[in-house]
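Data block below; observations after.
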Amino acid sequence: MTNGTVLHSLHPLGMLDKFRKDPLLFLESQATKNDERVQFRFANRTVHLLLNPALVKEVLVTQSKSFQKSNQFKELSLLIGEGLVTSECPLHTKQRKIMQPYFTPRHIQKYVSEMIGSASGTMEGWEAGTALRDISKDMMQVTLAVITKTMFNMNDHEGHEKVGVHLEKILEMATKRIRSFLKPPVSWPLPELKQYKASIEELKRVVEEIIQHREILSEEKEDLLHALLHSRNDEGNHMKRDQLIDEVMTIFVAGHETTANLLSWFFYALENNEKVKERVYEEVDRVVGKEELCSEHLPKLPYTSQALEETLRLYPPVWMFGRTSVRGVKVGDHFIKKGENVLISPYIMHRNPKYFQDPLSFDPERFHKGRAESIPPYAYFPFGGGSRVCIGNHFALQEALVIVALYVQRFNFTISSDHKVECHPLITLRPKGGMFMNVERRVD
Ligand code: HEM
Numbered sequence: 001m002t003n004g005t006v007l008h009s010l011h012p013l014g015m016l017d018k019f020r021k022d023p024l025l026f027l028e029s030q031a032t033k034n035d036e037r038v039q040f041r042f043a044n045r046t047v048h049l050l051l052n053p054a055l056v057k058e059v060l061v062t063q064s065k066s067f068q069k070s071n072q073f074k075e076l077s078l079l080i081g082e083g084l085v086t087s088e089c090p091l092h093t094k095q096r097k098i099m100q101p102y103f104t105p106r107h108i109q110k111y112v113s114e115m116i117g118s119a120s121g122t123m124e125g126w127e128a129g130t131a132l133r134d135i136s137k138d139m140m141q142v143t144l145a146v147i148t149k150t151m152f153n154m155n156d157h158e159g160h161e162k163v164g165v166h167l168e169k170i171l172e173m174a175t176k177r178i179r180s181f182l183k184p185p186v187s188w189p190l191p192e193l194k195q196y197k198a199s200i201e202e203l204k205r206v207v208e209e210i211i212q213h214r215e216i217l218s219e220e221k222e223d224l225l226h227a228l229l230h231s232r233n234d235e236g237n238h239m240k241r242d243q244l245i246d247e248v249m250t251i252f253v254a255g256h257e258t259t260a261n262l263l264s265w266f267f268y269a270l271e272n273n274e275k276v277k278e279r280v281y282e283e284v285d286r287v288v289g290k291e292e293l294c295s296e297h298l299p300k301l302p303y304t305s306q307a308l309e310e311t312l313r314l315y316p317p318v319w320m321f322g323r324t325s326v327r328g329v330k331v332g333d334h335f336i337k338k339g340e341n342v343l344i345s346p347y348i349m350h351r352n353p354k355y356f357q358d359p360l361s362f363d364p365e366r367f368h369k370g371r372a373e374s375i376p377p378y379a380y381f382p383f384g385g386g387s388r389v390c391i392g393n394h395f396a397l398q399e400a401l402v403i404v405a406l407y408v409q410r411f412n413f414t415i416s417s418d419h420k421v422e423c424h425p426l427i428t429l430r431p432k433g434g435m436f437m438n439v440e441r442r443v444d
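Take 1 as the starting number for the sequence shown in the numbering used here and just add one per residue.
Shown next, in the form of structure tokens:
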């Protein structure tokens, strides 16, 4: 691996134009050059794309104090304020400490039956025979149902009516804005922006109302909102109201589309890998069979879990993220000046033949105990790393396993061979134009 390359461009936008036309192709073409770092310009910003796991580890872990979240997520600030995704030290450290205990594997185990209940509910309306469905929409619906249930103890219908409709509209608009380079400031009196701000206000109002209602009734519910309402910092104080709303909104935004994409890609990957599909179906049939799914079944589905991990390798929902340096810093042999940006792409790293043999083949065995340990640190990082590692990682994996087990138990998914699915890298890695599959109820 060579040390680094600098890409020069006379275009006023630098490489941004090429990147925006096809981000994955742009990143892939840099990765084939065998450099550990590629430097270029996005308009007036200097960007360093890191292609070596050791450098990624330096940015996320060892030298994380020299970096902040990049502007990519600042667009979401209007929606999620200073929640965990967007806040910086010292607020981030304080909030993370308060919230971490509610996302440990032990704590989220409490939500297994809620996850099963709400995910099963979303499948009730599915027809008995075979139907062509856009499963990417179904997966959004089911993960939204799970998060509204675990957060607010709301049923699927109520969650969609009160929260889902606003959230969908807002995320669509936010995605458009994140992708456009020349966007009007949100303060401009344009009808589209007015609508955007009104939807955000409405959603926040709904969340505030739910919180107030809960406080008045002092209901003792075993959901995330209850946990956050009763959490206290080291000084014994509760979270301030505005902060609580920001954190609730953050969990909604960060915690549903990502897992939905993982699930869509999972069923797509099975369709293209007959042997893996057979093993997943065999495992679910053997372990769960016709019983009602419960928490005891989950640890007995190791192959299905590995297939989910392999899906996160080839189709990481958070396909790229970044940092901005807050001071001049040396990462490996590379000097990064204050204010410059660092780009990190799990999508590119996970497909590098140096770290994964035959990288494009879908092989869940890579994550088998004994083999997974040979993957170098930070060559596989679908949930990021260091102090800002995804707080919902255990939640997402548990939820995805529950949903997969329920669907596999009941349905067979097939895709017509002429339907080519492409990756659409928006805020998360979505299937372009949806994921249309024939869904057939399995015979009892
Ligand atoms: C497969 C599903 C998911 C993937 C691939 C994923 C991926 C990620 C990644 C890569 C980051 C770090 C971004 C960075 O460092 O800039 C992150 C942060 C975060 N994720 Fe997830 N996520 C998933 C599901 C969830 C769920 C289910 C929740 C909540 C229930 C959640 C909540 C968060 C939060 C709050 C952060 C910010 C953490 C912090 O900065 O302290 N995520 N996620």
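Using N, Cα and C, we set each Cβ at its ideal position, and we do this for glycine too.
Short check: CB of K183 to CB of R177, under 7 Å?
In the sequence shown, residue 183 corresponds to position 183, counting from 1. In the sequence shown, residue 177 corresponds to position 177, counting from 1. Result yes, Cβ atoms of K183 and R177 sit closer than 7 Å.
Can you give the Cα-Cα distance for N153 and K221, rounded to whole angstroms?
The residue you call residue 153 lines up with position 153 of the sequence shown. The residue you call residue 221 lines up with position 221 of the sequence shown. Answer to the nearest angstrom: the Cα atoms are 8 Å apart.
Best match in R286, H226 and L10 for proximity to H213 [C-alpha to C-alpha]
By one-based count along the sequence shown, residue 213 stands at place 213. Among R286, H226 and L10, the Cα nearest to that of H213 belongs to H226.
Which residues in the same chain have their Cβ closer than 6 Å to the Cβ of T258, if we skip the five residues on either side of it in sequence?
Locating residue 258 in the sequence shown gives position 258, counting from the first residue. Closer than 6 Å at Cβ, skipping near neighbours: P317 and T428.
Bridge-paired residues (DSSP) for T414:
Within the sequence shown, the letter at position 414 stands for residue 414. The partner list for T414 (beta bridge, DSSP) reads N438.
Would you decide whether V342 is buried or exposed? Buried here means 16 or more other CB atoms lie within 10 Å of its CB.
Position 342 of the sequence shown, counted from the start, is the residue given in the question as residue 342. By the 10 Å Cβ count, V342 comes out buried.
Can you tell me which residues form a DSSP beta bridge with E424?
For the purposes of this step, residue 424 is taken as the residue at position 424 of the sequence shown. Per the sequence shown, the amino acid found at residue 424 is His instead of Glu. When DSSP reads this structure, H424 sits in a beta bridge with R430.
Curious, which full-length alpha helix (DSSP H) runs of at least 4 residues does the segment 325 to 362 contain?
346 to 350
Since G129 and R441 should fall inside the 8 Å C-beta cutoff, what is the C-beta to C-beta distance between them, to a whole number of angstroms?
Reading the sequence shown from its first residue, position 129 is the one you call residue 129. Reading the sequence shown from its first residue, position 441 is the one you call residue 441. With 8 Å as the limit, G129 and R441 qualify as a contact, their Cβ atoms being about 7 Å apart.
Please state whether DSSP places L50 in a helix, a strand or coil.
Along the sequence shown, one-based indexing puts residue 50 at 50. Strand at L50.
Mapping the DSSP letters down to three states, classify G81 as helix, strand or coil.
To locate residue 81, count along the sequence shown from 1; it is residue 81. Three-state DSSP puts G81 in coil, outside helix and strand.
Do F356 and E310 have their CB atoms nearer than 7 Å?
On the sequence shown, position 356 is the one that residue 356 refers to. On the sequence shown, position 310 is the one that residue 310 refers to. Not in contact: F356 and E310 (Cβ atoms no closer than 7 Å).
According to DSSP, which residues form a beta bridge with R323?
Against the sequence shown, residue 323 aligns to sequence position 323. Partner(s): K69 and V342.
Need the endpoints of the beta strand (DSSP E) that F383 sits in, please.
Within the sequence shown, the letter at position 383 stands for residue 383. Per DSSP, F383 belongs to no beta strand (DSSP E) and is neither H nor E.
Hey, would you say T304 sits closer than 7 Å to V280, going by beta carbons?
As a working note, residue 304 is residue 304 in the sequence shown. As a working note, residue 280 is residue 280 in the sequence shown. Yes, the pair counts as a contact, with Cβ atoms nearer than the cut-off.
Host beta strand (DSSP E) of F42 (start-end)
Position 42 of the sequence shown, counted from the start, is the residue given in the question as residue 42. Element bounds for F42: R37 to F42.
Taking the beta carbon of G289 as the centre, do at least 16 other beta carbons fall within 10 Å, making it buried, or is it exposed?
Reading the sequence shown from its first residue, position 289 is the one you call residue 289. Label assigned to G289: exposed.
Measure the CB-CB distance between L84 and T324 and report whether it falls below 7 Å.
Looking up residue 84 in the sequence shown gives position 84. Looking up residue 324 in the sequence shown gives position 324. No, these two residues do not count as a Cβ contact at 7 Å.
Looking only at its own chain, which residues have a Cβ that is under 6 Å from the Cβ of M437, when we skip the five neighbours before and after it?
In the sequence shown, counting from the first residue as 1, residue 437 sits at position 437. Cβ neighbours of M437 beyond the five flanking positions: I135, F413 and I415.
Proximity test, R366 beta-carbon vs ligand 1 heavy atom, cut-off 6 Å
Residue 366 sits at position 366 when you count from the first residue of the sequence shown. R366: no, Cβ never under 6 Å from ligand 1.
Can you confirm whether the segment 117 to 128 touches the segment 137 to 154 when touching is taken to mean that 3 or more C-beta pairs between the two stretches lie within less than 8 Å?
yes
Provide the residue span of the beta strand (DSSP E) that contains A131, from first to last.
By 1-based counting over the sequence shown, the position of residue 131 is 131. Looking at the DSSP string, the run of the beta strand (DSSP E) that includes A131 is T130 to D134.
Which residues bound the alpha helix (DSSP H) around Q212?
Locating residue 212 in the sequence shown gives position 212, counting from the first residue. Run containing Q212: P191 to L217, per the alpha helix (DSSP H) assignment.
Whole alpha helix (DSSP H) elements within the segment 6 to 38, 4-residue minimum:
The segment 6 to 38 contains these whole alpha helix (DSSP H) runs: 16 to 21 and 23 to 31.
Using only the alpha-carbon positions, how far apart do V56 and K354 sit?
Position 56 of the sequence shown, counted from the start, is the residue given in the question as residue 56. Position 354 of the sequence shown, counted from the start, is the residue given in the question as residue 354. V56 and K354: Cα-Cα distance of roughly 15 Å.
Simplified DSSP assignment, three categories, for R45
Numbered from its first residue, the sequence shown carries residue 45 at position 45. R45: strand per DSSP, three-state reduction.
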